[in-house]
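Q: Under the working numbering, think of the first position of the sequence shown as 307, with each following residue one higher.
Glycine included, every Cβ here is placed at the ideal spot set by N, Cα and C.
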Amino acid sequence: MGDHFEKGQHTLLNEGEENEMEIFGYRTQGCRKTLCLAGSIFSFGILPLVFYWRPAWHVWANCVPCSLQEADVVLLRTTDEFQTYSRKKVMWIHLSSLNSELGVTPDHPVITDEEYIINRAIRKPDLKVRCIKVQKIRYVWNNLEGQFQKIGCLEDWLSSAKIHLKFGSGLTKEEQEIRRLICGPNTIDVEITPIWKLLVKEVLNPFYIFQLFSVCLWFSEDYKEYAFAIIIMSIMSIALTVYDLREQSVKLHRLVESHNSITVSVCRRKAGVQELESRFLVPGDLLVLTGNKVQMPCDAILIDGSCVVDEGMLTGESIPVTKTPLPKTESSEPWKTQSEADYKRHVLFCGTEIIQAKGACSGTVKAVVLQTGFNTAKGDLVRSILYPKPMNFKLYRDAIMFLLCLVGTATIGMIYTLCVYVLSGEPPEEVVKKVLDVITIAVPPALPAALTTGIIYAQRRLKKRGIFCISPQRINVCGQINLVCFDKTGTLTRDGLDLWGVVPCDRSGFQEIHSFASGRSLPWGPLCAAMASCHSLILLDGTIQGDPVDLKMFEATTWEMAVSGEDFHITGVPAHAMVVKPCKTASQVPVEGIAILHQFPFSSALQRMTVIAQEMGGDRLAFMKGAPERVASFCQPETVPTSFVSELQSYTTQGFRVIALAYKKLEMDHHSTALTRDKVESDLIFLGLLILENQLKDETKPVLEELISARIRTVMVTGDNLQTAITVARKSGMVSENQKVILIEANETTGSSSASITWKLVEEKKQISYRNKDNYINIREDVSDNDREGGYHFALSGKSFQVISQHFSSLLPKILINGTIFARMSPGQKSSLVEEFQKLDYFVGMCGDGANDCGALKMAHVGISLSEQEASVASPFTSKTPNIEEGRAALVTSFCMFKYMALYSMIQYVGVLLLYWETNSLSNYQFLFQDLAITTLIGITMNLNGAYPKLVPFRPAGRLISPPLLLSVIFNILLSLAMHIVGFILVQRQPWYSMEMHSVCTLQNENISKLIISPTAPEKIGSNGVFASFENTTIWFLGTINCIIVALIFSKGKPFRQPIYTNYIFVLVLVLQLSVCLFILFADIPELYRRLDLLCTPVLWRVYIIIMLSSNFIVSLVVEEAIIENRALWMTFKRCFGYQSKSQYRIWQRALANDPSWPLLNKISYSDMPGCGRGVSYSNPVFESNEEQL
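Structure representation (structure tokens):
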């Protein structure tokens, strides 16, 4: 089509987002449509089938390009490397019906206000809206900006003040109705796809169309038996696929079904609160939330009151999360960016459950609908399952090339057949049949079915190990993984944290650690009050629920929790406030309890949480808890002990998780909700450190050791403290004892100074310490040359990663090559990191368990979720341990199957073409025996080999078109060709070949001679037109037994699969097949020979056949073992010819190995220095790998 477009014909949809697409405008032309209709009729339906496979061709044939404003059809093309096309019709929404119902005219104030996209989309005066629907999302034509824009959500530019002002008292009836018509219903509709639709879609697969062609051809040649066998196999395959798809469809439908039928209370302007079905909700509606255990039917911004929500469905972590109302600030900034905290703490997400809703002064909890339908968080999750990210694995592209090579070979055979049969004067219909036959011989119709069985077997073996896979194609990709990212908490370490102790401090510094193991309770004081009240725990049905860390901390105080009743009267404390009280056994506690008035909840971005609490009969206090470095920065410097750095260092280097606590007294004259977070979180008094123990899982070390020994890189990506992450990396074996860790710190541009990076070596000896404000890690200043030579790993925080990505993009790949520890990483940064690794041509596996891993799990080539929550449905695998060996085995199995099916088709192809020279062929029963009794059974059983239990330090070939594999296939084809030609020529040279005797069997078998035809004067047997001859007999035996030999040679065992002898069924099948073939060869049974159209030959000739086959077997086996599978030999070839891997990470590794100045140590790099700027030095498609591994 080229890249020259008419003005306004081409633009981007969802620019900068994950689902970005190009959109092109087209207008249907009558004469073109008529021509296409005629073409469809005259091509007997082939043209519509081609259009079905290629939507772009359909548009180009029926339409002419035009501007998007005039288009009635749009063509969409994804901007990733797949460039997938899809066609959509432009639809019209008519608002004229509202005129009669509500009196909405073109000059109605609701329509004329063009501040919002909805109003800009309405075409006046006819009140119509143009729209398209792409992947369940509706886009409307913005008449003012001249582009399609997403509808069904509030605009991003809205400020907090605007949301409160415009939507704080609800929408009018007219606004609701207009929005309802344009945005569509608030439903996540996953229809159960009808079986006939799934059936048609599956049957129209090009592979099944080819099978249909093959079957029709076989029926015309009276080759009914194999045709029926292929029909039965295809029906079973289609039935299984349709059943699986239907099951998935039903499962997904049930997952979202309940969401669409929830009754909600909506506040309408001037009309008060009314009950409404959730499907009628529109963005901007004001929800009134009452009661507990309520499912959210949409995404909404909380504007009044607070809520405790269970977000397990979306995040995989069933921990109650506190949501706070969006503050009314006068800033005109967009509401998402106006606070430094994560905007998500104000958002109630669709699909989550409201455990508790607490009203503020007004008594009601109100939220403004932010997004509806598939625009919501749950809708997005469902769309990621309905439209998964396509996978560009080279095996599948190579498979297409491989099949095209077979088609090319078939074309040569067809020309040869045409010449031979036309010159011999055969009737035209016979010539056409023989020519078409060649395609079905050269391109085996059973190939995809045979490949699928390998993946099904692998999936079944994984299921037995408790690993569930929703994307079976990814099993093969597992075989290519060379880097695995692990989350720390819950993945490498155990889920629960144990409270080890608390280190109090006063003006003189840190005091002695208070251990909870002794059973002594913590003495009363601000530290005890902080532990009892600074948390987000809630009381639900009499049990305390919340974050495990909060729970451990609160339990250590032995205090109790209650909710204040209506009779609770303390100044400034609302009824139904959370109250914590000392237990009856606690002595010397001067207060009756502490009421928690207000929370500023914890967020990963802020790394802290704060509460405002009121001592009963005492002071009003603010308590803060969070990451030590963050908490210390909010405290009065004189209250932070001078030994803070070394104290923190001593615990984090032992792998403890450390949390700091601080507090201050507040004035009583302010209402707690009126205080801003900035005011509360200043001039605090440092209280001490809370020490929590997080132990490694038992299986962590062995799994990491196995991965490292298999040369699979392991990387830690965590939200925890950097020093704790380094310690866990050392303890788990991710960083070995003799390897150094280099800390990278990057700082943003500030004032006159540009962005900078400092490189420091992390010191392991605990006695030396230097003050380092940001990370509190001991740094060693002196660096010996030995340190440079030994292995090293980079460790950096999420903040540094962000700065490096923005200001030092040319250094990023260098850092990633040795980057092992990434701490304090936000969910978005985790996804970015996985993508950056993929750009370096790594095949990335991601193993995680919680909220912050969902994006990275989806982004990775292979995502393994250890969570069983619904959020993990977006991850291809759900498991307890990553299973890479099964992927390698499946990949090797796929290659074996490809090689075998190619060889089988080529053996048959060579044999048939030789017989065509004599205008002869194999009979139907001979074909049937080879196709069904030999190949089909081998195809089913060859894949049963399990994975080898130990990972080896190299991966299987990632490409079908790699030199060893190609050489193996070509060599075996040439060997078979040579053997067939030798047999074909030798049989004609035998003294008994030209005898008048039609059979050279012994006298007792003379009675079959009447049925045997002389090769010199052939006659047709029956009506099937197949000729029996000595050439036919020889070629058939050579080809049939060769198929068994090839299966034995190609069935790989170690190092990726279990040895062949462990696959008992396969070995038994081969032994039976060989026995039957030898029995037919040496048994002179007239009836059997007549059925199979074979001629009797002297015993000596049969021995010659065995000798030829044995020679073939020995040569093939020797070449396969000594050359093809000899990895050392191929590595020598690579070195001799100077071949080097083209993978980006290999190129960088080689460059860095030759760079004496790398890694930089005790230096500072600035973004304006040469070589450190923004010049992006690498750019590769995400799902590509140019590496040809052996």
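I'd like to know whether the C-beta atoms of His565 and Glu497 end up nearer to each other than 9 Å.
A: no
Q: Taking only three categories from DSSP, how would you classify Pro500?
A: coil
Q: How would you label Gly1328, buried or exposed, when you count the other beta carbons within 10 angstroms and need 16 or more for buried?
A: Per-residue confidence for Gly1328 stands at a pLDDT of 35, beneath the threshold of 50, marking its modelled position as unreliable; no derived number is given.
Q: So who's on the other strand from Val548, going by DSSP bridges?
A: Beta-bridge pairing links Val548 to no other residue.
Q: Identify, in the order they occur along the chain, each residue of the same chain with its Cβ nearer than 8 Å to the Cβ of Gly1217, setting aside the five sequence neighbours on each side.
A: Excluding residues within five positions, the ones whose Cβ falls inside 8 Å are Leu1228, His1286, Ile1341, Trp1342, Leu1344, Gly1345.
Q: Alpha carbon to alpha carbon, how far is Val1405 from Val1377?
A: For Val1405 and Val1377, the distance between alpha carbons rounds to 22 Å.
Q: Determine whether the beta carbon atoms of Asn1226 and Glu1337 lie at a separation below 9 Å.
A: yes
Q: Given a cut-off of 9 Å on the beta-carbon distance, is the pair Leu450 and Arg485 in contact?
A: With contacts defined as CB atoms closer than 9 Å, Leu450 and Arg485 fail to qualify as a contacting pair.
Q: Report the start-end ranges of each alpha helix (DSSP H) in the region 1088-1140 that is 4 residues or longer and not cut off at the edges.
A: 1091-1095, 1104-1113, 1118-1124
Q: Under a Cβ-count criterion, where at least 16 other Cβ atoms within 10 Å of its own Cβ denotes burial, should Pro1321 be classed as buried or exposed?
A: Reliability of the predicted coordinates at Pro1321 is poor, the pLDDT of 38 falling under 50, and no value is obtained from them.
Q: Please name the residue in Val627, Lys394, Met327, Ile1127 whose C-alpha comes closest to that of Asp856.
A: Val627
Q: Given a cut-off of 9 Å on the beta-carbon distance, is the pair Leu903 and Val886 in contact?
A: The answer is no: Cβ separation not under 9 Å.
Q: Whole angstroms are fine: how far does the CA of Leu587 sit from the CA of Thr481?
A: For the sequence presented, residue 481 should be read as Glu rather than Thr. Straight-line Cα distance between these residues: approximately 12 Å.
Q: Opposite Asn448 in the DSSP bridges: which residues?
A: Gln453
Q: Measure the beta-carbon distance from Phe1204 to Phe708 and round it to whole angstroms, keeping in mind my assumption that it falls under 8 Å.
A: 7 Å
Q: Am I right that Leu990 and Phe940 are in contact with their C-beta atoms under 8 Å? What's the rounded C-beta distance?
A: Between Leu990 and Phe940 the beta-carbon gap is near 5 Å, inside 8 Å, which marks them as a contact.
Q: Under 8 Å by Cβ, that's how I've got Thr630 and Gln644 pegged, so tell me the actual separation to the nearest angstrom.
A: Actually they are not in contact, since the Cβ atoms of Thr630 and Gln644 sit about 14 Å apart, beyond 8 Å.
Q: Excluding five sequence neighbours on each side, which residues of the same chain lie with their C-beta closer than 7 Å to the C-beta of Phe473?
A: Gly590, Leu592, Val674
Q: Tell me which residues share the same chain as Ala467 and place their Cβ nearer than 7 Å to its Cβ, disregarding the 5 neighbours each side in the sequence.
A: Lys634, Thr635, Glu636
Q: Looking at Leu1206: is its Cβ nearer than 9 Å to the Cβ of Gly1245?
A: The question names Leu, yet the displayed sequence has Tyr at residue 1206. Yes, the pair counts as a contact, with Cβ atoms nearer than the cut-off.
Q: Assuming Asn1348 contacts Ile1213 under a Cβ cut-off of 8 Å, what Cβ separation, rounded to an integer in Å, is found between them?
A: Rounded, the Cβ-Cβ distance is 5 Å, consistent with contact.
Q: If Leu654 sits next to Trp1065, beta carbons under 8 Å apart, how far is it from one beta carbon to the other, in whole angstroms?
A: With 8 Å as the limit, Leu654 and Trp1065 do not qualify as a contact, their Cβ atoms being about 44 Å apart.
Q: Judging by CA-CA distance, which residue of Ser821, Arg1452, Leu1250 is the nearest neighbour of Val1369?
A: Just to set this straight, residue 1369 is Asn in the shown sequence, not Val. When only C-alpha atoms are compared, the closest one is Leu1250.
Q: Could you tell me the distance, in whole angstroms, from the CA atom of Tyr1222 to the CA atom of Ala1334?
A: 13 Å
Q: Can you give the Cα-Cα distance for Ser520 and Pro751, rounded to whole angstroms?
A: 8 Å
Q: Measure the CB-CB distance between Leu998 and Phe962 and report whether it falls below 9 Å.
A: Cβ atoms of Leu998 and Phe962: closer than 9 Å.
Q: Per DSSP, what kind of secondary structure is Lys1513 in: helix, strand or coil?
A: No answer is possible for residue 1513: it lies beyond the span of the chain, which begins at 307 and ends at 1496.
Q: In this structure, does DSSP put Thr1346 in helix, strand or coil?
A: helix
Q: Examine the Cβ distances between the region 858-866 and the region 1009-1018 and report whether three or more of them are shorter than 8 Å.
A: no
Q: What does the Cβ neighbour count give for His400, buried or exposed, with the cut at 16 atoms within 10 Å?
A: exposed
Q: Please go through the same chain and pick out, in chain order, the residues whose beta-carbon is closer than 8 Å to the beta-carbon of Gln375, but skip the five residues on each side of it.
A: Gly314, Gly331, Trp447, Gly452
Q: Ala901 bridges to which residues according to DSSP?
A: Val885, Gln920
Q: From Glu527 to Lys740, what does the alpha carbon distance come to, in whole angstroms?
A: 9 Å
Q: What's the gap between the Cα of Tyr1472 and the Cα of Ile1050?
A: 13 Å
Q: What number of angstroms, rounded off, separates the C-alpha of Ser821 from the C-alpha of Leu995?
A: 12 Å
Q: Taking the straight line between their C-alpha atoms, what separation do you get for Phe792 and Lys503?
A: If you take the alpha carbons of Phe792 and Lys503, they lie about 41 Å apart.
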